[in-house]
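Novice: Would you mind keeping the following structure in view while I ask a few things?
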């Protein structure tokens with residue numbers, strides 16, 4: 012997950028758990044007017060190492076999130092992002108522009124390492140049977156079970172166990 016604009020990374024996670032859905036977003040870097048939800052297909056062990064040290068590495072991610080089956084997301088309409096120069100976004104149909112990601116290697120703009128997928132939806136229902144909750148450590152899990160009574164709290168992966 013990306014850090015919350017409110018500074019508390021856990022509050023947004025609790026809201027998702029409580030409402031049972033991940034909201035789609037329309038940040039400035041998404042082309043077009045389709046809200047979407049972003050995912051990565053980076054192997055979990057690599058993600059664990061990256062997320063545990065994200066703030067030290069200057070990455071805009073926090074070690075909280077959800078793990079879904081890629082094939083299940085594909086069936087719902089999730090697709091890989093399309094990395095290309097900014098001027099080529101116009102070549103995409105309007106319905107696919109949400110997938111565009113700027114790629115300008117000679118200027119250091121290259122996010123292909125994220126292995127990103129996007130789902131063009133206003134929200135994605137979070138079914139405890141089809142996903143795992145990702146937390147950084149046992150302390151975060153202990154805090155979660157004190158505040159949330161969702162069935163999601165039973166399907167948890169701790170990054171500290173993987174890194």
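Numbering (my numbering), first residue to last: 12 to 174.
Where a beta carbon is used, it is the ideal one built from N, C-alpha and C, also for glycine.
Please read these numbers as outputs of a predicted model, since none were measured by experiment.
#1: Please state if the CB of residue 144 and the CB of residue 167 are separated by a distance shorter than 7 Å.
#2: Using only the alpha-carbon positions, how far apart do residue 95 and residue 115 sit?
#3: Mind checking residue 92: buried by the 16 CB within 10 Å criterion, or exposed?
#4: Of the choices 123, 153 and 58, whose alpha-carbon is the least far from that of residue 77?
#5: Within 10 angstroms of its Cβ, does residue 35 collect 16 or more other Cβ (buried), or is it exposed?
#6: What residue from 67, 73 and 109 has the CA that sits closest to residue 89's CA?
#7: Would you call the segment 47-58 and the segment 154-162 touching, i.e. three or more CB-CB distances under 8 Å?
Specialist: The relevant details are as follows:
#1: yes
#2: 8 Å
#3: buried
#4: 58
#5: buried
#6: 109
#7: no
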